[in-house]
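Here the structure is laid out as structure tokens; the discussion comes afterwards.
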Amino acid sequence: MTAMIKVTEVPNQPRSKTVELFRQHINPGLVTLLEMGEYTTIEPLRAEGAVITTTDTKKILDFVSSYGALNLGHNHPKVSAAVRELLSCQRVDLSKELLSPYAACLAGNLSQITPGDLNKLYFCNSGTEATEAALKLAARCFKGQRPRFIYAENSLHGKTLGALSFTGAPRLREHFPLLPGFEVPFGDSQAIDDVLTDKNNREQIAGVILEPIQGEAGVIIPPAGYLQEVRSICDRHGVLLILDEIQTGMCRTGTMFACNHEQVIPDILVLAKSLGGGIASIGATVCSEHVFATAYGNPHECLVQTSTFGGRSTACAAAMAALEVYINDDLAERAERLGRTMVKGLKQVQQKHPGWIREVRGRGLMIGIEFDENILNQAKSYLPLHIPGLKNILREHLPGMVAAALLKQFGILGTLMLNNRSVLRVYPPLIIDEKELDYFISSLDDLLGQGPKELIKTRVNHALSSAGLKFLTSWTGALTGR
Ligand SMILES: Cc1ncc(COP(=O)(O)O)c(C=O)c1O
94 MTAMIKVTEV PNQPRSKTVE LFRQHINPGL VTLLEMGEYT TIEPLRAEGA
144 VITTTDTKKI LDFVSSYGAL NLGHNHPKVS AAVRELLSCQ RVDLSKELLS
194 PYAACLAGNL SQITPGDLNK LYFCNSGTEA TEAALKLAAR CFKGQRPRFI
244 YAENSLHGKT LGALSFTGAP RLREHFPLLP GFEVPFGDSQ AIDDVLTDKN
294 NREQIAGVIL EPIQGEAGVI IPPAGYLQEV RSICDRHGVL LILDEIQTGM
344 CRTGTMFACN HEQVIPDILV LAKSLGGGIA SIGATVCSEH VFATAYGNPH
394 ECLVQTSTFG GRSTACAAAM AALEVYINDD LAERAERLGR TMVKGLKQVQ
444 QKHPGWIREV RGRGLMIGIE FDENILNQAK SYLPLHIPGL KNILREHLPG
494 MVAAALLKQF GILGTLMLNN RSVLRVYPPL IIDEKELDYF ISSLDDLLGQ
544 GPKELIKTRV NHALSSAGLK FLTSWTGALT GR
């Protein structure tokens, strides 16, 4: 056995050691993918708000926000202080028997702002667990007689088996033993009605699970009125509506929850990510008294759905402090206002550089830029197209190349969407200031102004000089079946 690394040694550990340990012991494929975008060259030292400072004092602006988990940015002082205070007083952090007062108060506070009469909360540690709890809750309302759910194409509700069963992402689902469900196009309420109108189907279906705005599908905003229509379809057919607000919740789209835009009250609301203010890992499944009583009303059922770490005091204290910030700083209004300016600025960039961007879409600060792969035709003469599959690879990695260039040239951290390769995610923390948003817009403007040749040449050369091309070929093949 080699000497164990001391926790005190970690801050001074060279980056190369971290990368190598990740490669050896955690996820070699992920390391290669990140090397392709030169993310592994960044040596973060500290992070505050939207800014990550590197060991060589460079500033990196975070436009990923950990996929929506950092609505308050990195290390929000009020959230950090709440956790520090709790730990410094040596309070009980973990004990189910001693009922955490922080869990109790967080539940009380959240139930005041959740839609309608949703006032019963189950706390867990992540999004997928919160989805699992929602699915179990709904299925149990029908005494297990209805094990199926309707879910949308390109959705993401989590990667554990239950949540994955009702997630419409073929690449994530492959080779797993999943529960059967009904997949429908997102935004098409008639398709849901059609499935439920068939009596044989309906008798097996406990509910419909949807994201109010699909995130990983590439920021897909459904037609106005869609959620209300789905709500009334669910009521008419006697099934439950589960809304997954893991990504859209906590002010991201310009309201506390995205379902507030259409005043829709789900039967079950699922939260995680920014619920913990970027510091705690916490998820919540929220339902009405009636739904809870139907599923778990009998006292002897009180241990059927629990989680060892769920509702621990530190996580709940962080969430309580975060909730105060969302409300007191009116971050919903801020996200709405800054989002409008951001989309307008990005649309100006789109017009200024024709051919690059197919669409800019967003609600609040949940924004996606869909690129047009046809721009690659302009760079045909510079491409080493004799390399098998290169054209397809480039087509599916255009936003990836843009993200890598934004990082290298402008110090902007960006990334793609899990279920849509053509969209660049624009998810800044909601506390970001206008100047930082302007910087993103002017950097993208500058980058696109350099033309596709520069971008492609740099990225392809980098891929050829690393293990990246082989990796991308297999990745693209797996994605497209080619
Ligand atoms: C909408 C949505 N639901 C569920 C999940 C799963 O959350 P977690 O990664 O915390 O399990 C995600 C994660 O990105 C998500 O975006």
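In terms of our numbering, the sequence shown opens at residue 94 and continues consecutively.
For every residue, glycine included, the Cβ atom is placed at its ideal position computed from N, Cα and C.
These figures come from a predicted structure and were not determined experimentally.
1) Is the beta carbon of I339 closer than 8 Å to that of G461?
2) Measuring alpha carbon to alpha carbon, tell me which residue in N294, L257, L228, C344 is nearest M459.
3) S282: which of L257, Q297, A245 sits nearest, CA to CA?
4) To the nearest whole angstrom, what separates the beta carbons of A310 and N164, a pair I think is in contact under 8 Å?
5) Nearest-angstrom Cα distance between C395 and K236?
6) Around the Cβ of L523, are there at least 16 other Cβ atoms within 10 angstroms (buried) or fewer (exposed)?
7) So S248 and Q307 are supposed to be a Cβ contact under 8 Å. How far apart are they, rounded?
8) Can you pull the DSSP bridge partners for L241?
9) Would Q321 pass as a contact of R239 if the rule is Cβ separation under 8 Å?
10) Going residue by residue through the region 322 to 407, where are the continuous alpha helix (DSSP H) segments of at least 4 residues, counting only ones entirely within it?
11) With respect to the beta strand (DSSP E) encompassing R233, which residues constitute its N-terminal and C-terminal limits?
12) From the DSSP output, in three-state form, read off Q183 for me.
13) Could you pull out every residue in the same chain whose Cβ sits closer than 7 Å to the Cβ of G369, ignoring the five residues on either side in sequence?
14) Alpha carbon to alpha carbon, how far is N470 from I480? Give it in angstroms, no decimals.
15) According to DSSP, simplified to helix, strand and coil, what is I591?
16) Taking the alpha-carbon positions, what's the W449 to I468 distance?
17) Across which residues does DSSP place A262 in a beta bridge pair?
18) Considering only residues of the same chain and omitting the five flanking positions on each side of V124, which have a CB-CB separation below 8 Å?
19) Write down the C-beta distance between V157 and L506 rounded to the nearest angstrom, noting that I regard them as a contact closer than 8 Å.
20) Would you call S406 buried or exposed, if buried means 16 or more other Cβ atoms sit within 10 Å of its Cβ?
The short version:
1) no
2) C344
3) A245
4) Between N164 and A310 the Cβ distance is about 20 Å, and since that is not below 8 Å, they are no contact.
5) The alpha-carbon separation between C395 and K236 amounts to approximately 16 Å.
6) L523 should be labelled buried.
7) 6 Å
8) Before going on, a small fix: residue 241 reads as Arg here, not Leu. For R241, which the question treats as bridged, DSSP gives the partners I298.
9) no
10) 382 to 389
11) Segment 220 to 234 is the alpha helix (DSSP H) holding R233; no beta strand (DSSP E) there.
12) In this structure, Q183 counts as coil in the three-state DSSP scheme.
13) I375, A408, A411, A412, A415
14) 16 Å
15) A query on residue 591 cannot be resolved here, the shown segment of the chain reaching from 94 to 575 and no further.
16) One alpha carbon belongs to W449, the other to I468, and they sit about 6 Å apart.
17) Under DSSP, A262 forms no beta bridge with any residue.
18) V112, F115, R116, T133
19) Contact between V157 and L506 holds: their C-beta atoms lie close to 5 Å from each other, under 8 Å.
20) buried
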